[in-house]
Amino acid sequence: MQVKLILSALALTSLLSGCATTDDPRQGGLFSYSPEKYEQRIADRQAQLYAIETEQRSTEAETAKLVQLEQKKQTEVRKLKQQLAASQRKLDKQLANLQSKPQSKALQQKSTELKQQSARVDELKDLEAQKQEIKRLQSQLKELELEADALSRL
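With this note's numbering, you'll find the sequence shown wraps up at 183, consecutive numbering, no jumps.
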């Protein structure tokens, strides 16, 4: 009987010594659970959560900056469009006063082409491209104004 008891004790001892402790309370059973490892697991998870939250705040801040930049560009493009429209109205008045001169027809045709091009500015998806196109149209419109002014002095 003592032999059976000794063998049972040896078997139990070898089983217990062969078990690795784990930080997961769902694994390992009663004897292999380690509270220190469990606390370390909680600390690791909290550190991961903190890192994710920090990254999320950073991403949200960057998104807010990008939205603000987009709004600034939209405002800039809107102002440029208003300036372009005002310049076109001014040129239209100049050309209306020059209708009696034969050269005014060519200027009127160029003005009409510029109006058509300016109407297509909104088709451009990129605000920077819209801005560049409006500036190009403003430059051409300025040239037409100079030509109309020169024609009115003749």
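Beta carbons: idealized from backbone N, C-alpha and C, even for Gly.
None of the values given here were measured: they were computed from a predicted structure.
For Ser-129, does the three-state DSSP call read helix, strand or coil? coil
Own chain partners of Leu-136 with C-beta closer than 8 Å, once the 5 adjacent residues on each side are dropped: Leu-124, Leu-127, Leu-173, Glu-176, Ala-177, Leu-180
In or out: Leu-166 buried (at least 16 other Cβ within 10 Å) or exposed? buried
Here's the rule I'm using: 16 or more other beta-carbon atoms within 10 Å means buried, otherwise exposed. How should Glu-142 be labelled? exposed
Comparing C-alpha positions only, which one of Gln-132, Glu-99, Ser-168, Thr-83 sits nearest to Ser-147? Ser-168
Have a look at Leu-113 and Lys-160 and give me their C-alpha separation to the nearest angstrom. 11 Å
Inter-residue spacing [alpha-carbon to alpha-carbon] between Glu-65 and Ala-72: 11 Å
Out of Ala-158, Ser-129, Ala-80, Leu-170, which has the shortest C-alpha to C-alpha gap to Glu-105? Ala-158
Roughly how many whole angstroms lie between the Cα atoms of Ser-87 and Leu-170? 45 Å
Kindly indicate which residue of Leu-156, Lys-110, Leu-183 has the alpha-carbon position closest to the one of Pro-131. Leu-183
Spatial neighbours of Leu-156 within its chain, please: CB distance less than 6 Å, with the 5 preceding and 5 following residues excluded, ordered by chain position. Lys-102, Val-106
Just the Cα atoms here: how many angstroms apart are Lys-108 and Glu-84? 36 Å
By the 10 Å Cβ neighbour count, where 16 or more other Cβ atoms means buried, how is Ile-81 classified, buried or exposed? exposed
Excluding five sequence neighbours on each side, which residues of the same chain lie with their C-beta closer than 8 Å to the C-beta of Lys-164? Leu-109
By how many angstroms is the C-alpha of Lys-154 removed from the C-alpha of Glu-91? 22 Å
C-alpha gap between Ala-76 and Lys-94, whole angstroms: 27 Å
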